[in-house]
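Residue numbers (the numbering used here), protein chains in the order written: chain A, 6 to 134; chain B, 29 to 476.
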């Protein structure tokens, strides 16, 4: 099993979720984050005070997947989150020692397999496309 | 002001037809109408995404400065000096001849009338911004509303309210600005939305209000200010002002209840944004009618005007027209319905001229001509102005700025931040170079 941690631009989150849905990747956690990856600092001005926004708003997406889904998920994220500018984000893939589904006690691959793959849990995303 | 006794001397020489009561009420009314523009900033600002909140609020707020100046320099003259049937003259350019003596037929100082009307011009321009938010370049917007006030608002205002204006002479009824303010702004808004194009995420993602309490706050303040807008349009502290005040109270009540009912029938939930929108539609619809219809007429107008606006919003949100905050549905259609319905419910008994309900069917036709004239002229002239501005200042921001949100790229500020976590730039901290390519992957410099 792998844990995929992707840091992406907030304005690209919707595209990423849609791409992951199309790649049949289900089950993820999204949180807001602030960070810095070498992009141009934004200078803001408040009355006489000039400040440099060293930390930029980002969104962190965490996905636990079985091994054969790893490249599918990574490709989907890269494809959907890329703008070509500095600050598009990073993807970290780490090995996972053990996964437990709390409800059933299922372990590892069973635990990261969606209960009902036929039932689209993210169907609202592409209702417009 | 050169001499301490000068104001007193001026006071004693005032003509006796100045009424203290009328002057006091219009002084308050002008301040109430001025408050409507920051109120609109909250109403609109709450409905956009947080990354564009400041930009959206600034679009309303900065109308105060830009249009206020334009109004004093030339707008007032083009709207309210003699001129011809189509546009005012240049007699009051730079407020020449606008003094403390009343205009003909009025009981308040001329200068106060000019300021009161200026607050109308300000909010009218600000209303347009609702269709352009989250993608328009701020400088182009300011240039547009300045020009729009001169070349669209002032003529239409002159047609209806100015001396010799052709719509006023024809007998068109517009008590406080259904045609001049709301239909006029609604037409300019739709043309702007079409020319600038929809937001890049429109129709692809859900674009939700970031702060619904702001929307309710703005609505409450708009309603409060609207008492000055409508009851102040009596230009006197008299019976008509009281009637307009009561109608400004009743029509939004009816419209809000109707909107909540429609919401409940459609989705079995009564939404807060719906309650706010219904209230504003009621306010817009009663504006042209406030001093001409009885209180039950106001209730009827509030209820009836809600239906087309409600349907228009349902339709618009599925269409390709990104009139982002529904200026056309709330102000365009609301103003149009109000302007037509005043022809139906105008009541001689309440001090207006007779409408359809009292057997005068021609009034509805007169109203229709006035609305169509304002609609057509505003759309055409606004189209030309957008194109002119676009030659000098591109109307639309760059795509990546739109993605990041306009607050930081255009204003260098954020609406909501913790206030911490930024690096203070002092003489010992170097500001980052503007050239992005030279410093890609440069390590973070935080030490001073």
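Using N, Cα and C, we set each Cβ at its ideal position, and we do this for glycine too.
Compare the C-beta of residue 47/A with all C-beta atoms of chain B and state if any pair is closer than 8 Å.
Counting from one through the first chain, the residue named residue 47/A turns up at place 42. Residue 47/A counts as touching chain B.
With 8 Å set as the bound, which would you pick, yes or no: does the beta-carbon of residue 351/B sit closer than that to a beta-carbon of chain A?
Your numbering for residue 351/B matches position 323 in the second chain. Not one chain A Cβ lies under 8 Å of residue 351/B.
Specify the secondary structure class of residue 318/B as computed by DSSP and reduced to three states.
Residue 318/B sits at position 290 when you count from the first residue of the second chain. Residue 318/B falls in the coil class under three-state DSSP.
Starting from the C-beta of residue 376/B, find all residues in its chain whose C-beta is less than 8 Å away, skip the five residues before and the five after it, and write them out in chain order.
Position 348 of the second chain, counted from the start, is the residue given in the question as residue 376/B. Counting only Cβ-Cβ distances below 8 Å, and skipping sequence neighbours, we find 382 and 386.
Counting only the same chain and skipping the five closest in sequence on each side, list residues whose C-beta sits under 7 Å from that of residue 350/B.
Residue numbering aside, residue 350/B sits at position 322 when the second chain is read from its first letter. The residues are 221, 226, 227 and 230.
Using a Cβ-Cβ cut-off of 8 Å, state whether residue 441/B counts as contacting chain A.
Numbered from 1 along the second chain, position 413 holds the residue referred to as residue 441/B. For residue 441/B, the answer is yes, since a Cβ of chain A falls inside 8 Å of its Cβ.
Say whether chain A places a C-beta atom closer than 8 Å to the C-beta of residue 5/B.
Only positions 29 to 476 of chain B appear in this structure, which leaves residue 5/B out of reach.
Paired residues, beta bridge with residue 7/A - DSSP
Along the first chain, read from residue 1 onward, the residue named residue 7/A stands at position 2. According to DSSP, residue 7/A bridges with 70/A and 100/A.
From the DSSP secondary-structure annotation, give me the bridge partner or partners of residue 12/A.
For the purposes of this step, residue 12/A is taken as the residue at position 7 of the first chain. Paired residue(s): 65/A and 95/A.
I want to see whether chain A comes within less than 8 Å of residue 76/B, judged by CB atoms only; does it?
By 1-based counting over the second chain, the position of residue 76/B is 48. Chain A, which has no Cβ nearer than 8 Å to the Cβ of residue 76/B, makes this no.
Could you tell me the alpha carbon to alpha carbon distance between residue 265/B and residue 272/B, rounded to whole angstroms?
The sequence position of residue 265/B within the second chain is 237, counting from 1. The sequence position of residue 272/B within the second chain is 244, counting from 1. Rounded to whole angstroms, residue 265/B to residue 272/B spans 11 Å at the Cα level.
Residue 39/A at chain B interface by Cβ criterion, 8 Å:
Residue mapping note: residue 39/A aligns to position 34 of the first chain, counting from 1. Chain B contact via Cβ: present.
For residue 480/B and residue 371/B, which I take to be in contact (beta-carbon distance under 8 Å), what is that distance rounded to the nearest angstrom?
Coverage of chain B is limited to positions 29 through 476, which leaves residue 480/B absent and any answer about it impossible.
Please confirm if residue 163/B has its CB atom under 8 Å from at least one CB of chain A.
Within the second chain, numbered from 1, the residue matching residue 163/B stands at position 135. No, residue 163/B lies away from the interface with chain A (no Cβ there is under 8 Å from its Cβ).
Residue 135/A and residue 451/B look like a contact to me (Cβ under 8 Å); what is the Cβ gap, rounded to whole Å?
Coverage of chain A is limited to positions 6 through 134, which leaves residue 135/A absent and any answer about it impossible.
Chain-ordered neighbours of residue 452/B on chain A, where CB pairs are closer than 9 Å
As a first step, residue 452/B is located in the second chain; it is residue number 424 there, counting from the start. Near residue 452/B (Cβ distances below 9 Å), the residues of chain A are 54, 55, 56 and 57.
Can you look up residue 48/A in the DSSP assignment and give me helix, strand or coil?
Here the question's residue 48/A lines up with position 43 in the first chain. Looking at residue 48/A - three-state DSSP - the assignment turns out to be strand.
Give a yes or no on whether 8 Å exceeds the smallest Cβ distance from residue 467/B to chain A.
On the second chain, position 439 is the one that residue 467/B refers to. Residue placement at residue 467/B cannot be trusted, given a pLDDT of 40 that sits under 50; what the coordinates show is reported in the next sentence. True, the Cβ-Cβ gap to chain A drops below 8 Å.
Count the other CB atoms, across all protein chains shown, that sit within 10 Å of the CB of residue 242/B; report buried if there are 16 or more and exposed otherwise.
Against the second chain, residue 242/B aligns to sequence position 214. Classification of residue 242/B: buried, given that the 10 Å Cβ count is 16 or more.
For chain A, is any of its Cβ atoms less than 8 Å away from the one on residue 449/B?
Here residue 449/B refers to the residue found at position 421 when the second chain is read from its first residue. Answer yes: the Cβ-Cβ gap between residue 449/B and chain A drops below 8 Å somewhere.
Can you tell me which of the three DSSP states residue 369/B falls into?
For the purposes of this step, residue 369/B is identified with residue 341 of the second chain, where counting begins at 1. Helix, per DSSP.
Rounded distance between the beta-carbons of residue 436/B and residue 168/B, thought under 8 Å:
Indexing the second chain from 1 puts residue 168/B at position 140. Indexing the second chain from 1 puts residue 436/B at position 408. No, residue 168/B and residue 436/B are not in contact; Cβ-Cβ is about 18 Å, not under 8 Å.
For residue 6/A, count the other beta carbons within 10 Å of its own beta carbon; 16 or more makes it buried, fewer makes it exposed. Which is it?
Translated into the one-based positions of the first chain, residue 6/A becomes position 1. Residue 6/A is buried by the Cβ-count criterion.
Straight-line gap, residue 111/A to residue 101/A (C-alpha atoms, nearest Å):
On the first chain, residue 111/A is found 106 positions in, with the first residue counted as 1. On the first chain, residue 101/A is found 96 positions in, with the first residue counted as 1. Cα to Cα, residue 111/A sits roughly 15 Å from residue 101/A.
Three or more C-beta pairs under 8 Å: does that hold for the region 318-327 of chain B against the region 275-290 of chain B?
yes
Have a look at residue 49/B and residue 124/B and give me their C-alpha separation to the nearest angstrom.
Your numbering for residue 49/B matches position 21 in the second chain. Your numbering for residue 124/B matches position 96 in the second chain. Going from the Cα of residue 49/B to the Cα of residue 124/B covers about 26 Å.
At 7 Å on the CB atoms, spell out the chain B contacts of residue 90/A, in chain order.
Walking along the first chain from the start, residue 90/A turns up at place 85. Correct list: 428.
Helix, strand or coil, according to DSSP, for residue 437/B in the structure here?
For the purposes of this step, residue 437/B is taken as residue 409 along the second chain, with counting starting at 1. Note: residue 437/B maps to helix in three-state DSSP.
Span of the beta strand (DSSP E) around residue 36/A
Translated into the one-based positions of the first chain, residue 36/A becomes position 31. It spans 33-40 - the beta strand (DSSP E) in which residue 36/A sits, taken as one unbroken run.
Taking DSSP as the reference, what is the three-state secondary structure of residue 120/A?
Here the question's residue 120/A lines up with position 115 in the first chain. Correct three-state label for residue 120/A: coil.
Per-residue burial, residue 342/B [other beta carbons within 10 Å of its own, 16 or more giving buried]
Locating residue 342/B in the second chain gives position 314, where the first residue counts as 1. With fewer than 16 Cβ atoms within 10 Å of its Cβ, residue 342/B is classed as exposed.
Going by C-alpha distance, which of 293/B, 292/B and 247/B is nearest residue 305/B?
The residue given as residue 305/B occupies position 277 in the second chain. For the residues 293/B, 292/B and 247/B, the minimum Cα distance to residue 305/B belongs to 247/B.
C-alpha gap between residue 128/A and residue 27/A, whole angstroms
Counted from its first residue, the first chain places residue 128/A at position 123. Counted from its first residue, the first chain places residue 27/A at position 22. Note on residue 128/A: pLDDT 46, under 50, position unreliable in the model; no value is reported.
Output the distance between the C-alpha atoms of residue 234/B and residue 19/A, rounded to the nearest integer angstrom.
Locating residue 234/B in the second chain gives position 206, where the first residue counts as 1. Locating residue 19/A in the first chain gives position 14, where the first residue counts as 1. Computed Cα separation, rounded: 9 Å.
Could you pull the DSSP bridge partners for residue 424/B from this structure?
Locating residue 424/B in the second chain gives position 396, counting from the first residue. The partner list for residue 424/B (beta bridge, DSSP) reads 164/B.
At a cut of 8 Å, does the region 33-46 of chain A reach the region 79-99 of chain A through at least three beta carbon pairs?
yes
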